[in-house]
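Below: one structure, written as structure tokens.
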Amino acid sequence: MTEPITASYVQEDDDWKITVSGSGKELTGRAPGIIAARDRADQLVEKLSPPEHSTVVHLLNGSALEFTAAYMTARLTLPEIEPLEVPPPANGKAKEKTGGKPPVPQGKELPKAVDEAKSKEKSEPAKTPAKAAQTS
């Protein structure tokens with residue numbers, strides 16, 4: 001036979017007091033928040049009666065509807081989070097310093113000798129194979 005059990009909730013400041021009654025017994029508990037209080041009520045119900053033989057009615061201010069509304073609101077409400085800070089866009093000065101190139105991550109720069117050799121290749125005009133053969 002199914003055992004009727006009542007779980008009553010009362011908010012006291014930030015905490016919730018839970019009273020579970022059934023089978024001629026009454027157990028009480030406390031929890032921080034309605035979601036934790038609902039979990040605590042389930043634990044108290046298990047002490048009173050096996051879960052397969054009990055029907056639990058959760059009441060807030062004597063109303064199952066009021067409990068359901070408060071519980072579902074708590075479950076479906078997203079926690080407040082700090083907004084992300086987006087760094088300001090880089091101004092034109094950074095591009096002027098690097099010649100329009102993006103900055104190279106630290107530790108990924110070329111050795112100075114290699115970098116200078118690359119600069120010289122760019123500044124000297126490329127010799128075509130025909131001109132190279134005439135000058136040698």
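Note that the UniProt record's numbering has the sequence shown beginning at 1, numbered continuously upward. Each residue gets a CB set at the ideal place from its N, CA and C atoms; glycine is no exception. A quick note: this is a predicted structure, and the numbers were derived from the prediction, not measured.
C-alpha distance - residue i paired with residue j, whole-angstrom precision
i     : j     : result
Arg30 : Trp16 : 6 Å
Pro4  : Asp39 : 18 Å
Gly8  : Thr28 : What sits at residue 8 in the sequence shown is Ser, not Gly. Looking at the two C-alpha atoms, the distance is approximately 9 Å.
Glu85 : Pro79 : 18 Å
Ala41 : Val20 : 7 Å
Glu52 : Gln43 : 14 Å
Thr73 : Glu26 : 28 Å
Val10 : Ser54 : 22 Å
Contact check, residue i vs residue j, beta carbons under 7 Å
i     : j     : result
Phe67 : Leu76 : no
Ala64 : Ile34 : no
Val45 : Val56 : yes
Gly22 : Leu48 : yes
Ala37 : Ile18 : yes
Unbroken alpha helix (DSSP H) run spanning residue i, endpoints
i     : result
Thr73 : 64-76
Leu44 : 34-48
Beta strand (DSSP E) segment containing residue i, residue limits
i     : result
Lys54 : According to the sequence displayed, residue 54 carries Ser and not Lys. Taken as a continuous stretch (DSSP letters only), the beta strand (DSSP E) holding Ser54 covers 54-60.
Pro4  : 3-12
Gly22 : 15-22
7 Å Cβ cutoff, residue i in contact with chain C
i     : result
Ser23 : Within the model displayed, chain C is absent; a lone protein chain is all it includes.
Proximity winner among the options, relative to residue i (alpha-carbon distances)
i    : options             : result
Thr2 : Pro50, Ile81, Pro88 : Pro50
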